[in-house]
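S.K.: This is the structure I want to talk about, given as structure tokens.
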Amino acid sequence: MSTASNDLRLANTMKALVKAHARTGLWMQNEPIPEIGVDDVLIKINKTGICGTDVHIWNWDEWAANTVPVPLITGHEFAGVIVDMGSHVEGLTIGQRVSGEGHLVGKESRQSRAGKFHLDPETRGIGVNEHGAFAQYLKLNAFNVIQLPDEISDDIGAILDPLGNAVHTALSFDLLSEDVLVTGAGPIGIMAAAVARHAGARNVVITDVNDDRLTLASQVADVVPVNVARQDLKDVSVKMGLKQGFDIGLEMSGNQAALDQMVESLVMGGRIAMLGIPPGKSPVDWSRIVFKAITIKGVYGREIFETWYKMITMLQNGLDVSGVITHRFPVQDFEEGFRQMIGGSSGKVVLDWTGV
Ligand code: NAD
Ligand code: ZN
Numbered sequence: 009m010s011t012a013s014n015d016l017r018l019a020n021t022m023k024a025l026v027k028a029h030a031r032t033g034l035w036m037q038n039e040p041i042p043e044i045g046v047d048d049v050l051i052k053i054n055k056t057g058i059c060g061t062d063v064h065i066w067n068w069d070e071w072a073a074n075t076v077p078v079p080l081i082t083g084h085e086f087a088g089v090i091v092d093m094g095s096h097v098e099g100l101t102i103g104q105r106v107s108g109e110g111h112l113v114g115k116e117s118r119q120s121r122a123g124k125f126h127l128d129p130e131t132r133g134i135g136v137n138e139h140g141a142f143a144q145y146l147k148l149n150a151f152n153v154i155q156l157p158d159e160i161s162d163d164i165g166a167i168l169d170p171l172g173n174a175v176h177t178a179l180s181f182d183l184l185s186e187d188v189l190v191t192g193a194g195p196i197g198i199m200a201a202a203v204a205r206h207a208g209a210r211n212v213v214i215t216d217v218n219d220d221r222l223t224l225a226s227q228v229a230d231v232v233p234v235n236v237a238r239q240d241l242k243d244v245s246v247k248m249g250l251k252q253g254f255d256i257g258l259e260m261s262g263n264q265a266a267l268d269q270m271v272e273s274l275v276m277g278g279r280i281a282m283l284g285i286p287p288g289k290s291p292v293d294w295s296r297i298v299f300k301a302i303t304i305k306g307v308y309g310r311e312i313f314e315t316w317y318k319m320i321t322m323l324q325n326g327l328d329v330s331g332v333i334t335h336r337f338p339v340q341d342f343e344e345g346f347r348q349m350i351g352g353s354s355g356k357v358v359l360d361w362t363g364v
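This is the structure in structure tokens:
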């Protein structure tokens with residue numbers, strides 16, 4: 009810890025990236041270090057990932073303006089070290105490297121009581137509804153903490169949240185020996201394609217309209233990239249020897265045309281796991297879906313905590329998504345980090361808090 013940050017901790021303040029005003033941008037300012045309750049830990053943040061959600065909050069679009077209270081410490085993708093904990097916390101130790109689930113769930117709903125915490129309707133998100141991780145210190149309920157094994161770096165720890173989205177989506181259906189179509193080569197689509205390969209898919213095709221992202225996809229995973237703005241997906245699948253089409257679709261773009269193309273490209277009885285969030289209401293050709301007997305599963309967040317278990321064990325057993333991190337900045341350069349994200353061609357952007 010630098011002398012400057014020691015001084016801040018003595019003064020009970022920390023640096024944080026705050027949505028301080030209801031307009032475009034985030035502001036680095038001094039905030040009180042959170043006070044922890046008996047069931048909480050205090051995490052000193054080392055690295056954070058910038059998410060598409062953070063870009064919405066930065067841009068202050070309609071969703072953000074309707075959802076995010078001002079002022080709020082933003083951010084939900086993080087890795088750090090436990091520096092303090094409440095008296096009821098068991099099984100964790102000070103000095104332990106951790107990440108954590110950013111969805112804070114209740115314990116009362118039918119879903120939670122059934123152990124399906126990811127389906128709790130009362131879920132609140134850090135960095136969206138509650139103070140988040142873009143700060144030197146984060147307060148988190150011990151229940152949400154994920155211990156990081158030595159072989160998982162802080163950089164990867166800081167992107168486990170979106171990797172979890174990818175894993176949750178990709179493992180929605182059995183992929184062994186299947187032909188898989190991923191629409192959208194954003195960071196999550198690329199990671200989902202890598203997971204599909206790891207999970208034993210026969211062929212993985214990933215589509216986008218952005219060549220930078222498709223190039224990145226083929227660097228990170230053994231996939232066939234297709235730019236649907238100028239390549240015919242049907243041609244590609246025929247050349248690959250697919251007789252009817254793809255067995256499984258992972259929709260990772262939120263784009264209407266991509267979903268249409270996916271429905272078109274799937275086999276009879278194909279299955280779609282849909283993570284991408286279409287803007288507003290969008291028209292869907294339901295009769296096509298019915299006549300092809302397609303199953304569609306909406307995917308939200310990560311399974312708490314099965315997805316975390318699976319992704320950590322996959323990372324320990326050969327899954328490598330490190331190439332999806334294309335930019336690293338000291339947090340002082342957060343504006344450049346957001347510029348890269350807003351540019352739409354980056355992979356994950358990781359901010360380093362250790363030099364604050
Ligand atoms: P992203 O915006 O970085 O990537 C989406 C990609 O889709 C872009 O590269 C874009 O060029 C591409 N695209 C646009 N039109 C296309 C088309 N016609 N065909 C194929 N690709 C096309 O997004 P991300 O951060 O990787 O996240 C993926 C999606 O998942 C987003 O829609 C995001 O909002 C959503 N998301 C959902 C959850 C959830 O819990 N359901 C969580 C996180 C993210
Ligand atoms: Zn995220």
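The opening residue of the sequence shown carries number 9 in my numbering; numbering runs sequentially from there. Glycine included, each C-beta is placed from N, C-alpha and C at the ideal position.
The ligand NAD and residue 291: does any heavy atom of the ligand fall closer than 7 Å to the residue's C-beta?
M.R.: No, Cβ of residue 291 sits at least 7 Å from all heavy atoms of the ligand NAD.
S.K.: Give the straight-line distance between the Cα atoms of residue 363 and residue 339, rounded to the nearest whole angstrom.
M.R.: Their backbone Cα atoms lie some 8 Å apart in a straight line.
S.K.: For residue 306, tell me which candidate among 262, 207, 133 has the shortest Cα-Cα distance.
M.R.: Comparing Cα positions, the closest option is 262.
S.K.: In angstroms, rounded to a whole number, what distance separates the CA positions of residue 229 and residue 211?
M.R.: When rounded, the distance between both Cα atoms is 12 Å.
S.K.: In three-state DSSP terms, what is residue 32?
M.R.: Three-state DSSP puts residue 32 in coil, outside helix and strand.
S.K.: Can you look up residue 206 in the DSSP assignment and give me helix, strand or coil?
M.R.: Residue 206: helix per DSSP, three-state reduction.
S.K.: Could you give the DSSP three-state label for residue 175: helix, strand or coil?
M.R.: Residue state, collapsed to three classes: helix.
S.K.: Compare the C-beta of residue 108 with all C-beta atoms of chain C and state if any pair is closer than 8 Å.
M.R.: Here chain C cannot be found, since the structure has a single protein chain.
S.K.: For the candidate residues 343, 278, 130, whose alpha-carbon lies nearest to that of residue 254?
M.R.: Among 343, 278, 130, the Cα nearest to that of residue 254 belongs to 278.
S.K.: Using DSSP with H/G/I as helix, E/B as strand and the rest coil, what is residue 235?
M.R.: If DSSP states are grouped into helix, strand and coil, residue 235 belongs with the strands.
S.K.: For residue 28 and residue 35, what's the separation of their Cα atoms in angstroms?
M.R.: Going by the C-alpha atoms only, they are around 6 Å apart.
S.K.: So residue 335 is in the beta strand (DSSP E); what residue range does that whole segment cover?
M.R.: First-last of the beta strand (DSSP E) with residue 335: 333–338.
S.K.: Buried or exposed, going by whether 16 or more other CB atoms sit within 10 Å of the CB of residue 56?
M.R.: Label assigned to residue 56: buried.
S.K.: Would you call the region 95–107 and the region 154–174 touching, i.e. three or more CB-CB distances under 8 Å?
M.R.: Verdict: yes, contact present.
S.K.: Express the C-alpha separation of residue 217 and residue 59 in angstroms, rounding to a whole number.
M.R.: Those two C-alpha atoms are separated by around 20 Å.
S.K.: Is the beta carbon of residue 143 less than 8 Å from the beta carbon of residue 24?
M.R.: A contact, by the Cβ cut-off of 8 Å.
S.K.: Going by beta-carbon coordinates alone, are residue 319 and residue 148 separated by less than 8 Å?
M.R.: Cβ distance not < 8 Å, so residue 319 and residue 148 don't count as in contact.
S.K.: Taking contact to mean at least 3 C-beta pairs separated by less than 8 Å, is the region 186–194 in contact with the region 286–297?
M.R.: Contact fails: fewer than three Cβ-Cβ distances are below 8 Å.
S.K.: Determine the DSSP secondary structure at residue 89, reduced to helix, strand or coil.
M.R.: Residue 89 falls in the strand class under three-state DSSP.
S.K.: Which of helix, strand or coil does DSSP assign to residue 139?
M.R.: Coil.
S.K.: According to DSSP, is residue 251 part of a helix, a strand, or is it coil?
M.R.: DSSP places residue 251 in coil when its eight states are reduced to three.
S.K.: Determine, using beta carbons only, whether residue 282 and residue 200 come nearer to each other than 8 Å.
M.R.: No. Outside cutoff.
S.K.: Identify whether residue 317 lies in helix, strand or coil by the three-state DSSP scheme.
M.R.: In the structure shown, residue 317 sits in a helix (DSSP, three-state: H, G or I).
S.K.: Let me make sure I understand the geometry here. Which of 292, 204, 87, 213 has the alpha-carbon closest to that of residue 235?
M.R.: It is 213.
S.K.: Taking 7 Å as the line, does the beta carbon of residue 64 fall inside it for any heavy atom of the ligand ZN?
M.R.: Residue 64: no, Cβ never under 7 Å from the ligand ZN.
S.K.: Suppose the cutoff is 8 Å on Cβ atoms and the five residues either side in sequence are ignored; what does the same chain contact list for residue 67 look like?
M.R.: Cβ neighbours of residue 67 beyond the five flanking positions: 32, 350.
S.K.: Return yes when the Cβ of residue 136 is within less than 8 Å of the Cβ of residue 75, no when it is not.
M.R.: Yes, these two residues count as a Cβ contact at 8 Å.
S.K.: Would you mind working out which of 219, 331, 118, 335 sits nearest residue 227, comparing C-alpha positions?
M.R.: Checking every option, the nearest Cα to that of residue 227 belongs to 331.
S.K.: Around the ligand ZN, what residues have a beta-carbon under 6 Å from a heavy atom of it, in chain order?
M.R.: Result (chain order): 59, 61, 84, 85, 169, 170.
S.K.: What did DSSP end up calling residue 22 once you bin it into helix, strand or coil?
M.R.: Of the three classes helix, strand and coil, the one that applies to residue 22 here is strand, per DSSP.
S.K.: What first and last residue would you give for the beta strand (DSSP E) that runs through residue 53?
M.R.: Counting along the chain, the beta strand (DSSP E) containing residue 53 begins and ends at 48–58.
S.K.: Check whether the Cβ atoms of residue 202 and residue 183 lie closer than 8 Å to each other.
M.R.: The answer is no: Cβ separation not under 8 Å.
S.K.: Is it right to say residue 276 is buried, meaning 16 or more other beta carbons lie within 10 angstroms of its own, or is it exposed?
M.R.: When all chains shown are included, residue 276 counts as exposed.
S.K.: Can you tell me whether residue 282 is helix, strand or coil according to DSSP?
M.R.: Looking at residue 282 - three-state DSSP - the assignment turns out to be strand.
S.K.: The ligand NAD and residue 308: does any heavy atom of the ligand fall closer than 7 Å to the residue's C-beta?
M.R.: Yes, since a heavy atom of the ligand NAD falls inside the 7 Å radius drawn around the Cβ of residue 308.
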